[in-house]
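Residue numbers (the numbering used here): 2 to 680.
All C-beta atoms in this analysis are idealised placements derived from N, C-alpha and C, irrespective of residue type, glycine included.
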C-alpha cells in the first residue's frame, strides 16, 4: 500500500476507541466477564444465522429470543455511567443482565400459556412485564442516552394519566394492568414490528457488514475512492464523500462511517489546507450521508417496508434517486469549498492507479453483486438475500485464505493480518479468527439496536392504545391552519428536535408513528412512502444538528477540533439536504412514483435526475457563497430560487431554473475574468 494512504496508527486506534464506545459500549471486558460475553455473543450470532438460513421461528419466539441475547449483552457491555466504564462488570450489572434476560425469555418459555391468557395476565406475568419494561428502558439509557427513554417514558405516563391532560390531548386513560399487558404480552409493544425487523433483516445485514469489514474490504473501498477523486480539487474531502457512500451500502452507522473514513481523510484534508473544524464537518456530513444510501439506510428501510406493507425493493427504488442526487450535491459543495479557498488535490503520482486498484479487489465486489442480484433480479426477501450474501462473502474470503495458505495465490493480506509467504496455515487460521471476530462484533453492535427497537416499539404500542396519532393530526392541522407547507415545516422541526440523540432506526419509528400519519391526513394524495421518507431524512439530519451530533464528536476527536464548531460546519453542509424531503411530498416523481411507463418514464427520470442535480449544486453554491466567484447577496438569493425551481419537477420551473443558473454563472464568469485581466 502506498505510504500516502497508510493510516496513522495513533489516529486509527483513537477512531477504533470512538467506534467501540458509540457502537459497542464503552466497557472493555477481561477475564471471566469477557469469556461470558463472548459465549453469549457467539450464541446470539449463531441463532440469527440459523434462522436466516433455515427459517425464522414463530414471530413472538423469534423476537423474544433475539431480545434475550441483546439485553443481556447490553448490560454487560454498556456501563451505568462513564465513570463506571473504567471498571469491570459489577455484581449489580450481572444481576441486571440476568433479570433482564429472564424477564424477556419468560415470553419464550411460557409462550403457549401466555397466548391463552392475553388480556388476563397473572400476577407473575405482571411482575415479569414490569421488570422487562423497566430494564428495557435502563438498557436503552445505557446504550443511547436519555432522549429515547424520556420520549418512551412520556408516552407510558400519557397512557396512565390521559384524563388529566388538557383539551385535545386528553383520552380516557388506561389501567396499569392494561398497559403492562399491552406492552409485554401483545405484538404491539416491546415485541412489535421494530423488534421483528431487528431480529431478522437488520441482524443479517449488520453481520454481513461486519464480515465485509473484517475481510479487508473497507481498506479496498478507501483505496478505490482515493484513486477515483484524490487528485481533484480538495481531493481528500471528496474521498471522504465517495468512501462514505461506498461504505453506506454495507454499514448503517453514521458514527462508524465518520470515524473509520476520517482516520485517513481528515489528516489529508488538513494537509491540503482545510481547517480542522471544516475537515471534521465534511467527514461528519459524509458519514451521515451514508445512512441514506440503499440498501441498508441505517436499518430503517427494513422497518419502513414492514410499516408500509410493501416489498423492501420498492423502498430501495424510491430512495435511490434522492440518495444519489444528495451525494452528488455534497460532492459539489465540497468542490465549491475547495475552489473558493484554492485547495488542491493530492498529486497523482502519490495515489494508487484506478484500474489496478479496482482489479486487485474484485473479489470484494462479488458479494455486493450477489446481494443486488438477489434483491433486484431474483426479487428474494431481504433476509434470504442477506443470507446468500453472507454465505458468498464467507466462502470467498475463506477460499482465498486457503489458496494463500497452500501457496496457490500470492496477494497482500487483509488489513490487520500478517504476511505469510509460501505454504503456511497461518493466513487461513487468521481468516477463521477474523470471521469469529465478525460474529462477535455483529452481536455487540446488535445489542444496542435490539433494545432501542424494543424501546421504540413501546412508543408505537402506546400510540396505538391511546390514539395519540389522531391527536397529533388534529394538533398539526390547528397549528398549521390547514396549510400543507407550514405543516411540513412543523413536522421537520419536530423530527429535528425529537431526533437529537436518538439513533436512526428508533427515531424513524417514532416519527413514522406520530408525524407521518398527520402529514398524510393534511395531504391525502401523498404517497405513503413519501411521508415516511420525509420523516426519515429529517431524522438523519437530526444526527448532525448541533448541539447533539454524535458523529461530529467523533470527527472532532480525530481532527483535534472543537466539537460544536465541527457540528456547525457539518450542519452548513447538510443544509443542502433540507430541500429534498419537501419535494417527496410536493413532487413524488422524485421517488420515481407516477412516472409514465416505458421509455417515456425512463427519459423523465433521467431529466429529473439532471435538473435536480443542477438545482442541488445551485443550492450548495448559494449556501457556500461561491459558484465561479464570490456570490453577491442578490446572487445568493437567485441561486436558492434556482434550486427551488429545478428540484421541483415541471417543465416551466425547470426552464426558469436553468435560465437563472446560466445567468448567474455567466455573470460570475465575466466578473472573475475581468478581475484576472489586469494581472
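Distance from residue 61 to residue 112 at the Cβ level is roughly 6 angstroms; contact confirmed, criterion being Cβ atoms closer than 8 angstroms. The beta carbons of residue 122 and residue 181 sit closer together than 9 angstroms. Residue pairing by DSSP leaves residue 632 without any beta bridge partner. Between the segment 198-218 and the segment 378-396, the count of Cβ pairs shorter than 8 angstroms is three or higher; the stretches touch. Counting only residues of its own chain and dropping the five nearest sequence neighbours on each side, residue 240 has a CB closer than 7 angstroms to the CB of 226, 227, 230, 231 and 266. The beta carbons of residue 205 and residue 388 sit closer together than 9 angstroms. Only exposed fits residue 484, as fewer than 16 other CB atoms lie within 10 angstroms of its CB. Contact holds between the segment 447-456 and the segment 61-70, because three or more Cβ pairs, one in each stretch, are under 8 angstroms apart. Residue 96 and residue 445 do not touch by the CB rule: their CB atoms are close to 21 angstroms apart, not below 8 angstroms. Relative to the Cα of residue 663, the nearest Cα in the group 612, 301, 90 and 651 belongs to 612.
Counting other Cβ atoms within 10 Å of its Cβ, residue 660 stays below 16 and is therefore classed as exposed. Between residue 488 and residue 497, the C-beta gap is not smaller than 9 angstroms, which leaves the two residues out of contact. Assignment of beta strand (DSSP E) within the segment 440-502, counting only whole runs of 3 or more residues, yields no such run.
The straight-line gap separating the alpha-carbon atoms of residue 376 and residue 370 is approximately 10 angstroms. Contact between residue 259 and residue 555 holds, since their C-beta atoms are separated by about 5 angstroms, short of 8 angstroms. Rounded to the nearest angstrom, the Cβ distance from residue 515 to residue 457 is 11 angstroms, too far for a contact under 8 angstroms. When secondary structure is reduced to three states using DSSP, residue 76 falls in the helix class. With fewer than 16 other beta carbons inside 10 angstroms of its own, residue 117 counts as exposed. Non-local beta-carbon contacts of residue 164 in its own chain, meaning distances under 8 angstroms to residues more than five positions away in sequence, involve 171, 172, 173 and 174 in chain order.
A residue is called buried once 16 or more other Cβ atoms fall within 10 Å of its Cβ, and residue 145 is buried on that count. Within the segment 103-178, the runs of alpha helix (DSSP H) at least 4 residues long that lie entirely inside it are, in chain order, 112-117, 124-145 and 147-161.
A contact is defined here as three or more CB-CB pairs under 8 angstroms, and the segment 561-569 meets this definition with respect to the segment 273-288. Closest option to residue 638, judged by alpha-carbon separation, among 665, 649, 282 and 652: 665. In chain order, 300, 303 and 450 place their CB closer than 7 angstroms to the CB of residue 203, counting only its own chain and leaving out the 5 sequence neighbours on each side.
With contacts defined by Cβ atoms closer than 9 angstroms, residue 78 and residue 159 do not form a contacting pair.
Taking 9 angstroms as the cut-off, the beta carbon of residue 574 is found no closer than this to the beta carbon of residue 379.
619 is the residue among 656, 162 and 619 whose C-alpha sits nearest the C-alpha of residue 327.
Excluding residues up to 5 positions away in sequence, 501, 502 and 503 lie with their Cβ nearer than 7 angstroms to the Cβ of residue 148 in the same chain.
Every alpha helix (DSSP H) of 4 residues or more that sits fully in the segment 542-571 is shown, in chain order, as 551-560.
Secondary structure at residue 627: strand, using DSSP grouped into helix, strand and coil. By the criterion of a C-beta distance shorter than 6 angstroms, residue 464 is surrounded in its chain by 470 and 514, once the five residues flanking it on both sides are discounted. When secondary structure is reduced to three states using DSSP, residue 276 falls in the coil class, being assigned neither helix nor strand.
Burial of residue 570 is indicated by the presence of at least 16 other C-beta atoms within 10 angstroms of its C-beta. Remark: C-beta atoms of residue 48 and residue 441 do not approach each other more closely than 9 angstroms.
Beta-carbon to beta-carbon, residue 532 and residue 609 are separated by about 20 angstroms, too far to satisfy the 8 angstroms threshold. Here residue 592 is near residue 323, since their CB atoms are less than 9 angstroms apart.
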